[in-house]
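Numbering-wise (the UniProt record's numbering), the sequence shown opens with residue 1 and increments by one.
Even glycine gets a Cβ: it sits at the ideal position worked out from N, Cα and C.
Comments concern the structure below.
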Amino acid sequence: MGNKAELGTFLRSRRARLQPADAGLRQYGERRRVPGLRREELAQLAGVSVDYYVRFEQGRAENVSDTVIDAVATALRLDQAERQHLLHLVRPDVTGARPAQRVRPGLRRLLDSLPDTPALVVGRRTDILAWNEPFTALLLVDLAALAPERRNLTWLHFCDERLRGRYVDWECKARDLVAILRMDLGRHQCDPEYTDLVAQLTERSPEFARLWEDQEVREKTHGEYEIWHPAAGTFTLAYETLRLPDDPDQALVVYTAEAGSPAEPALRAVVEGARPLV
């Protein structure tokens with residue numbers, strides 16, 4: 001069994017968001033001392049004994065079967081990302097600390113071959129492993145000048161005031177980053193660099209601490225964000241996230257503007273404004 005505290009906190013948070021009526025259980029008007037479903041109610045829905053579910057939630061159940069994990073996930077109405085996170089918590093990767101990540105030269109050349117398209121490679125812990133010039137033009141942050149441990153998307157979003165106004169809906173982007181970081185932590189529970197980063201962010205940013213308590217997890221493979229930039233005003237960029245088949249701990253993220261949309265000339269202004277005159 002993996003990180004017992006993390007598993008228990010996650011399961012309790014998911015029980016708390018479900019009411020008995022949501023799960024088709026009868027209520028008899030009694031005053032409830034806990035929000036959401038009780039352990040015995042969840043056990044009933046999952047088809048396991050109360051004692052077994054208590055041990056499962058506390059991380060004391062050994063050799064938990066796929067059937068039980070699936071039954072608990074179904075009872076809690078977990079989405080696909082939450083189900084995957086639960087599986088990671090129950091059956092963690094116990095590798096521990098891992099060597100520093102390296103980006104293949106070919107991938108770096110690919111970034112440089114996109115002169116008009118912001119792109120970056122994101123690694124474990126939302127670390128920024130590589131980027132191109134249009135991406136730094138979009139952020140208006142000189143990533144090369146930062147210490148390697150500060151080239152981190154989550155750290156920059158919560159702790160660098162220069163990014164405060166870059167995303168129009170700062171809270172939405174913040175929630176996405178926290179949920180992605182927690183999902184990643186589930187995959188690498190035994191890596192001390194994750195817990196160090198979370199501890200630093202929690203101490204530095206009350207906003208991060210608040211969102212971290214929500215236990216949200218998700219994979220963000222595509223979507224869009226509304227951006228504000230001093231050279232172009234407000235515009236919307238779409239993004240696509242492509243995980244590398246031979247290294248799922250690295251992902252290529254590319255930002256694009258829809259052809260013919262107001263974002264197209266706005267992005268062009270951002271990129272061209274960052275290029276030196278010749």
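Applying the 10 Å Cβ sphere with the 16-neighbour rule, what's the burial state of residue i?
{"i": "residue 228", "result": "exposed"}
{"i": "residue 280", "result": "Outside the shown range of the chain, which is 1 to 278, sits residue 280, and nothing can be said about it."}
{"i": "residue 161", "result": "exposed"}
{"i": "residue 59", "result": "buried"}
{"i": "residue 96", "result": "exposed"}
{"i": "residue 126", "result": "buried"}
{"i": "residue 210", "result": "exposed"}
{"i": "residue 73", "result": "buried"}
{"i": "residue 166", "result": "buried"}
{"i": "residue 265", "result": "exposed"}
{"i": "residue 19", "result": "exposed"}
{"i": "residue 268", "result": "exposed"}
{"i": "residue 204", "result": "exposed"}
{"i": "residue 182", "result": "buried"}
{"i": "residue 22", "result": "exposed"}
{"i": "residue 63", "result": "exposed"}
{"i": "residue 17", "result": "exposed"}
{"i": "residue 148", "result": "exposed"}
{"i": "residue 145", "result": "exposed"}
{"i": "residue 184", "result": "buried"}
{"i": "residue 123", "result": "buried"}
{"i": "residue 34", "result": "exposed"}
Spatial neighbours of residue i within its chain, please: C-beta separation below 8 Å, excluding the five flanking residues on both sides.
{"i": "residue 12", "result": "57"}
{"i": "residue 208", "result": "154, 158, 174, 178, 201 and 202"}
{"i": "residue 141", "result": "156, 160, 162 and 163"}
{"i": "residue 233", "result": "266"}
{"i": "residue 172", "result": "225"}
Which residues share a DSSP beta bridge with residue i?
{"i": "residue 223", "result": "239"}
{"i": "residue 119", "result": "254"}
{"i": "residue 152", "result": "127"}
{"i": "residue 311", "result": "Residue 311 falls outside the range modelled here, since the chain spans only 1 to 278, and no answer is possible."}
Sorted by chain position, which residues of the same chain lie with C-beta nearer than 6 Å to residue i's C-beta, five sequence neighbours on each side aside?
{"i": "residue 179", "result": "216, 217 and 218"}
{"i": "residue 236", "result": "224, 226 and 263"}
{"i": "residue 76", "result": "14"}
{"i": "residue 271", "result": "116, 134 and 137"}
{"i": "residue 221", "result": "241"}
Quick check on residue i: does DSSP put it in helix, strand or coil?
{"i": "residue 248", "result": "strand"}
{"i": "residue 127", "result": "strand"}
{"i": "residue 229", "result": "strand"}
{"i": "residue 136", "result": "helix"}
{"i": "residue 234", "result": "strand"}
Can you list, in chain order, the residues of its chain with a C-beta nearer than 7 Å to that of residue i? Leave out the 5 residues immediately preceding and following it.
{"i": "residue 53", "result": "39, 42, 43 and 46"}
{"i": "residue 187", "result": "88 and 93"}
{"i": "residue 192", "result": "97"}
{"i": "residue 112", "result": "132"}
{"i": "residue 194", "result": "125, 185 and 188"}
{"i": "residue 143", "result": "128, 131, 136 and 151"}
Practice prompt. Answer yes if the region 89-100 comes into contact with the region 6-25, meaning at least three C-beta pairs across the two stretches below 8 Å, and no otherwise.
Written response: yes
Worksheet item: Okay, do the region 99-119 and the region 244-262 touch, 3+ Cβ pairs below 8 Å being the bar?
Response: yes
Item to complete: Please determine if the region 195-203 and the region 243-251 are in contact, where contact requires at least 3 C-beta pairs separated by less than 8 Å.
Response: no
Worksheet item: Is the region 38-56 close to the region 232-242, with three or more CB pairs under 8 Å?
Response: no
Fill in: the region 97-110 / the region 73-86 touching (three or more Cβ pairs under 8 Å)
no
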